[in-house]
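Have a look at the structure below, then the notes.
Residue numbers (the numbering used here), protein chains in the order written: chain X, 6 to 437; chain S, 757 to 958.
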């Protein structure tokens, strides 16, 4: 006690040692912040924010800014050869700091075999980044006229290759890091009618472009210098924006269910679905499936899916009995291919699963039950891709016959996405 | 004065240290409790609003009037909600009953008893059980693991009697506790021809 009061220098040496210890303890706290799931709105780093002003340590990581891109402007137009008419319109349906949605309509009258027309839609971004690559995801799906050949995406930016023509453009590219920030770059989505085509029609498609928050978990090492600019990266504002953009942890489903003919109980279901390259967030999932559902604890299902962090598509099937969920995955369906999925029980050997007529064994040895038959698009995060297309939907009835769906009911667990019915046996899942 | 300032400053620093220590400790506790929990994945199964599809939520008496069999319920549990499927003839409609302790009972009409041995082949988490002389399958609450992901499942007891497959579920009760409840479920009565009964009523 005497030494404490008579030697304040010694006192502060002890306190200083304690501070250094706390510096290392504080690093644990910083790691906790860094490991928070940026897509989980329930994770709030508020306790550590009050801690920061007293932190004398420096995490060595420099988190990538949540977005380094700003949409500066958009423009569109069309050009055509002699005797060819064209017109276009673009409606912005959704914007926020990370995502932009557009409905694009392109009308053309191409009645000559020796000329064509060209539509372009340009998105100009300002860049606030350097030394760091900025990922961009995009997705395009048709609303009117499914067959739209010769579409192309060009990126007017050095170091980023152009993309070849494709039927259902979707995927990701990265704006490469540069030592000096570029002022802007431009993405061009174009649709060209080539000379041999003779088409008079209107195409409409939906385009989504997104830059998602950095989800990489940085590593941290304590040092003796403190850079206060780390803190704003994890400011409540950024977290709030995240939670508005990406919500996870639930099944967001758009279901098409057949029935309403008095006894909508079926022993099997099948249908065709398109396999493409969806955008899936690290903890998300994108699923297309057909299913038979007896109740909340008993169902069978087959389809294709992509889980977050894999960039791989696979076939899958499930059987849930008394609430016990079993899942089987296999294969790698090629991009931009169509596949038939089928599950049924004819009373012999349990539930049978087929993809493109090839049986996946063993069967699920559960009793046949008459139940709801449906097809759906499911995603586990609101930033996962949303559109889907099911067609040639059939159900397996009491008499053992495959019959086209006679009715189609929407069950929506993912507003504002909705089921766009083409017929009672075909539907899209799209945004308004 | 200098001496007093030193003491006051020291006390302030100690107070700050105490506060920081508390915050760090709290965070460590949070981390620890998280690491102790099993992380569950979201199953891909289709969602449904009620325990059974295409169902109406009804009063107990109204629900009983929709089916020709006596709805089997445990003797000592208070009913919270009850659903009856809209489709099918009265003898084949499904029924779901939610009880006050969150136990769920689902009844489906099935002509013949399931092959429980085959079912266990495909769902090995189940064990064979017996409810008042009627064979069935059941399990404790737990989770299955598939492709490195954990999927939770409820505890359950399921059996077949008189054309009805009856299953009781609970997220918290053990298999033994569910079996005790199952044994109090009144046996489903022989299906009654509802129309003939109603015809005789003046």
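We put the CB at the ideal spot given by N, CA and C, even for glycine.
Item to complete: Determine, using beta carbons only, whether residue 357 of chain X and residue 328 of chain X come nearer to each other than 9 Å.
Response: In the first chain, the residue the question calls residue 357 of chain X occupies position 352. In the first chain, the residue the question calls residue 328 of chain X occupies position 323. No, the Cβ-Cβ distance between residue 357 of chain X and residue 328 of chain X is not below 9 Å.
Item to complete: Take every Cβ of the region 250–263 of chain X, pair it with every Cβ of the region 325–341 of chain X, and state whether three or more of those distances are shorter than 8 Å.
Response: Judged by pairs of C-beta atoms under 8 Å, the region 250–263 of chain X does not touch the region 325–341 of chain X, as fewer than three such pairs exist.
Worksheet item: So residue 419 of chain X and residue 258 of chain X are in contact, right, with Cβ under 8 Å, and what is the actual spacing, rounded?
Response: The residue you call residue 419 of chain X lines up with position 414 of the first chain. The residue you call residue 258 of chain X lines up with position 253 of the first chain. Contact flag correct, Cβ pair sits at about 6 Å.
Item to complete: Within the region 362–402 of chain X, note down every full alpha helix (DSSP H) run reaching 4 residues or more, in order along the chain.
Response: Within the region 362–402 of chain X, there are no complete alpha helix (DSSP H) runs of at least 4 residues.
Worksheet entry | First and last residue of the uninterrupted alpha helix (DSSP H) at residue 935 of chain S | Numbered from its first residue, the second chain carries residue 935 of chain S at position 179. Going by DSSP, residue 935 of chain S is part of the alpha helix (DSSP H) stretching over 931–939.
Fill in: Touch test, the region 859–866 of chain S against the region 878–895 of chain S, Cβ-Cβ under 8 Å, three pairs minimum
Because the criterion of three Cβ pairs below 8 Å is not met, the region 859–866 of chain S and the region 878–895 of chain S do not touch.
Worksheet item: If you draw a straight line from the alpha carbon of residue 275 of chain X to that of residue 83 of chain X, how long is it in whole angstroms?
Response: The residue labelled residue 275 of chain X in the question sits at position 270 within the first chain. The residue labelled residue 83 of chain X in the question sits at position 78 within the first chain. Rounded to the nearest whole angstrom, the CA to CA distance from residue 275 of chain X to residue 83 of chain X is 41 Å.
Practice prompt. Please list, in chain order, all residues of the same chain as residue 237 of chain X whose beta carbon is under 6 Å from its beta carbon, the five residues on each side excluded.
Written response: As a working note, residue 237 of chain X is residue 232 in the first chain. Annotation note: pLDDT 28 at residue 237 of chain X (below 50); position unreliable, no value reported.
Fill in: Cutoff 9 Å: residue 368 of chain X Cβ touching any chain S Cβ
In the first chain, residue 368 of chain X corresponds to position 363, counting from 1. Yes, its Cβ sits closer than 9 Å to a Cβ of chain S.
Worksheet entry | Beta-carbon neighbours of residue 406 of chain X, restricted to chain S and to distances below 8 Å | As a position in the first chain, residue 406 of chain X is number 401, starting the count at 1. Ordered by position in chain S, no residue passes the 8 Å Cβ test against residue 406 of chain X, which lies about 19 Å from the chain.
Worksheet item: Any beta-carbon of chain X closer than 9 Å to the one on residue 852 of chain S?
Response: As a working mapping, residue 852 of chain S is identified with position 96 in the second chain. Judged by the 9 Å Cβ criterion, residue 852 of chain S is in contact with chain X.
Worksheet item: Counting contacts by CB-CB distance shorter than 9 Å, is residue 878 of chain S in contact with chain X?
Response: For the purposes of this step, residue 878 of chain S is taken as residue 122 along the second chain, with counting starting at 1. Residue 878 of chain S counts as touching chain X.
Discussion item. According to DSSP, simplified to helix, strand and coil, what is residue 431 of chain X?
Written reply: In the first chain, the residue the question calls residue 431 of chain X occupies position 426. Here residue 431 of chain X sits in strand by DSSP.
Discussion item. With distance defined between alpha-carbon atoms, name the residue in X:261, X:79, X:77 nearest to residue 435 of chain X.
Written reply: The residue you call residue 435 of chain X lines up with position 430 of the first chain. Ranked by Cα distance from residue 435 of chain X, the first of X:261, X:79, X:77 is X:261.
Worksheet entry | Cβ-based contacts, 7 Å cut-off: residues of the region 282–293 of chain X near chain S | Listed by position along the chain: 292.
Discussion item. Tell me the residue span of the beta strand (DSSP E) that contains residue 274 of chain X.
Written reply: Translated into positions along the first chain, residue 274 of chain X becomes position 269. If you look at residue 274 of chain X, you'll find it in the beta strand (DSSP E) that goes 273–280.
Item to complete: Kindly indicate if chain S contains any beta-carbon less than 9 Å away from that of residue 318 of chain X.
Response: On the first chain, residue 318 of chain X is found 313 positions in, with the first residue counted as 1. Chain S, which has no Cβ nearer than 9 Å to the Cβ of residue 318 of chain X, makes this no.
Discussion item. Considering only their Cβ atoms, is the gap separating residue 300 of chain X from residue 809 of chain S smaller than 9 Å?
Written reply: The sequence position of residue 809 of chain S within the second chain is 53, counting from 1. The sequence position of residue 300 of chain X within the first chain is 295, counting from 1. Taking 9 Å as the Cβ cut-off, residue 809 of chain S and residue 300 of chain X qualify as a contacting pair.
Worksheet entry | Those runs of the alpha helix (DSSP H) which lie wholly inside the region 821–907 of chain S and span at least 4 residues | List check, alpha helix (DSSP H) in window: 872–878.
Discussion item. By alpha-carbon positions, which one of X:353, X:400, X:344 ends up nearest to residue 430 of chain X?
Written reply: One-based indexing of the first chain puts residue 430 of chain X at position 425. Measuring from the Cα of residue 430 of chain X, the nearest candidate turns out to be X:400.
Discussion item. At the level of alpha carbons, what is the spacing between residue 104 of chain X and residue 212 of chain X?
Written reply: Here the question's residue 104 of chain X lines up with position 99 in the first chain. Here the question's residue 212 of chain X lines up with position 207 in the first chain. Between residue 104 of chain X and residue 212 of chain X, the C-alpha separation is close to 10 Å.
Worksheet item: Skipping 5 residues on each side, what residues in its chain have a beta carbon closer than 6 Å to that of residue 828 of chain S?
Response: Along the second chain, read from residue 1 onward, the residue named residue 828 of chain S stands at position 72. 922, 941, 942, 944.
Item to complete: For the beta strand (DSSP E) holding residue 291 of chain X, just list the boundary residues, first then last.
Response: Sequence index remark: in the first chain, residue 291 of chain X carries index 286 (1-based). Residue range 290–300 is occupied by the beta strand (DSSP E) that includes residue 291 of chain X.
Fill in: Three-state secondary structure (DSSP) of residue 811 of chain S
Sequence index remark: in the second chain, residue 811 of chain S carries index 55 (1-based). Of the three classes helix, strand and coil, the one that applies to residue 811 of chain S here is strand, per DSSP.
Worksheet entry | Residue range of the unbroken beta strand (DSSP E) whose run includes residue 358 of chain X | The count along the first chain starts at 1 and reaches residue 358 of chain X at position 353. From DSSP, the beta strand (DSSP E) with residue 358 of chain X extends over 356–360.
Worksheet item: If you draw a straight line from the C-alpha of residue 840 of chain S to the C-alpha of residue 832 of chain S, how long is it?
Response: Sequence index remark: in the second chain, residue 840 of chain S carries index 84 (1-based). Sequence index remark: in the second chain, residue 832 of chain S carries index 76 (1-based). Spanning the alpha carbons of residue 840 of chain S and residue 832 of chain S requires a straight line of approximately 21 Å.
Discussion item. Which of the three DSSP states is assigned to residue 353 of chain X in this structure?
Written reply: Walking along the first chain from the start, residue 353 of chain X turns up at place 348. In the structure shown, residue 353 of chain X sits in coil (DSSP, three-state: anything other than H, G, I, E or B).
Discussion item. With a threshold of 9 Å between beta-carbons, can residue 276 of chain X be considered close to chain S, or not?
Written reply: To locate residue 276 of chain X, count along the first chain from 1; it is residue 271. Between residue 276 of chain X and chain S, the shortest Cβ-Cβ separation is not below 9 Å.
Practice prompt. Please list, in chain order, all residues of the same chain as residue 355 of chain X whose beta carbon is under 7 Å from its beta carbon, the five residues on each side excluded.
Written response: By one-based count along the first chain, residue 355 of chain X stands at place 350. Answer for residue 355 of chain X: 368, 369, 370, 371, listed in chain order.
Discussion item. Nearest by alpha-carbon distance to residue 393 of chain X: which of X:387, X:402, X:383 is it?
Written reply: The residue given as residue 393 of chain X occupies position 388 in the first chain. Looking at the Cα atoms, X:383 is the closest of the given residues.
Item to complete: Return helix, strand or coil for residue 426 of chain X, following the three-state DSSP convention.
Response: As a position in the first chain, residue 426 of chain X is number 421, starting the count at 1. In the structure shown, residue 426 of chain X sits in a strand (DSSP, three-state: E or B).
Worksheet item: At which residues does the beta strand (DSSP E) containing residue 320 of chain X begin and terminate?
Response: Counted from its first residue, the first chain places residue 320 of chain X at position 315. Residue 320 of chain X: member of the beta strand (DSSP E) spanning 318–326, first to last residue.
Worksheet item: What's the call for residue 144 of chain X, buried or exposed, on a 16-neighbour Cβ count within 10 Å?
Response: Residue numbering aside, residue 144 of chain X sits at position 139 when the first chain is read from its first letter. Sixteen is the threshold: when 16 or more other Cβ atoms of the shown chains lie within 10 Å of the Cβ of residue 144 of chain X, as they do, the residue is buried.
Worksheet item: List, in order along the chain, the chain S residues whose C-beta lies closer than 7 Å to that of residue 215 of chain X?
Response: In the first chain, residue 215 of chain X corresponds to position 210, counting from 1. Those do not exist, as residue 215 of chain X stays about 22 Å from chain S at its closest Cβ, beyond 7 Å.
Discussion item. DSSP has residue 214 of chain X in a bridge; who is on the other side?
Written reply: Sequence index remark: in the first chain, residue 214 of chain X carries index 209 (1-based). According to DSSP, residue 214 of chain X bridges with X:105, X:143.
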